[in-house]
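First up is the structure itself, then whatever we jot down about it.
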Ligand SMILES: [Fe+2]
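Numbering (this note's numbering), first residue to last: 2 to 147.
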């Protein structure tokens, strides 16, 4: 189905573009977590990151690659549901970091960059997971899968 394939290519290219933007933001946030000498700066940066991730996840879920993947390859619907669940977990983790910084800024600040890198690792693992699901669905759809 050529028209569906074109639509999917658009969703995938949007996904990769958004991943690239978030990577830049994560690199910047990582620098801030090392250099920050106040919890306020980290809280502001984290709130911005949360807003961008929330919006990106919403785009992925509604009209983006997740919706298209389920449409062209329904057998991946449970994997797509797991990816949606990971979105919720990632946002909850940012909320937990915000709570820690707000409730105990002095105790949290010294080791915050380690905590943030754990989050970044989870986020990159999620991205890897979604790229793999999309690639499998595309390969199946155009018949070049193994
Ligand atoms: Fe995602």
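All C-beta atoms in this analysis are idealised placements derived from N, C-alpha and C, irrespective of residue type, glycine included.
Being a predicted model, the structure only gives us computed values, none of them experimental.
Practice item. Please check the pair residue 53 and residue 26, which I expect to be a contact at CB under 8 Å, by giving their CB distance rounded to whole angstroms. Key: Indeed they touch by this definition, with Cβ atoms about 6 Å apart.
Inset, instruction - Check whether the Cβ of residue 58 lies closer than 7 Å to any heavy atom of ligand 1, and answer yes or no. - result: Residue 58 has its CB nearer than 7 Å to a heavy atom of ligand 1.
_Quick check: is any heavy atom of ligand 1 less than 7 Å from the C-beta of residue 131?_
Yes.
- Beta-carbon gap between residue 81 and residue 13 smaller than 8 Å: With respect to the 8 Å criterion, residue 81 and residue 13 are not classified as neighbours on the basis of their beta carbons.
So, for residue 84: in the same chain, excluding its five sequence neighbours on each side, which residues have a beta-carbon less than 6 Å away from its beta-carbon?
Only 131 meet the Cβ criterion.
ask   = Taking 7 Å as the cut-off, does the CB of residue 69 come closer than this to any heavy atom belonging to ligand 1?
value = Outside the cutoff, so no.
**Asked** Is the stretch 100-111 touching the stretch 39-53 in the sense that three or more CB pairs, one from each, lie closer than 8 Å?
**Response** Yes, they touch.
If you follow the alpha helix (DSSP H) that residue 74 is in, where does it begin and where does it stop? Run containing residue 74: none; DSSP gives neither H nor E here.
- Query: In three-state terms, what does DSSP make of residue 14?
  - Reply: Three-state DSSP puts residue 14 in a helix.
Fill in: Of the residues 22, 32 and 38, the one placed nearest residue 56, counting alpha carbons only
Checking every option, the nearest Cα to that of residue 56 belongs to 22.
Grouping DSSP H, G and I as helix and E and B as strand, with all else coil, what is residue 3? Confidence at residue 3 is low in this model, with a pLDDT of 46, below 50, so its placement is unreliable and no value can be given for it.
*residue 70, buried or exposed, once every other Cβ within 10 Å from all chains shown has been counted against 16*: It counts as buried.
**Item:** residue 36, buried or exposed, once every other Cβ within 10 Å from all chains shown has been counted against 16
**Value:** That one is exposed.
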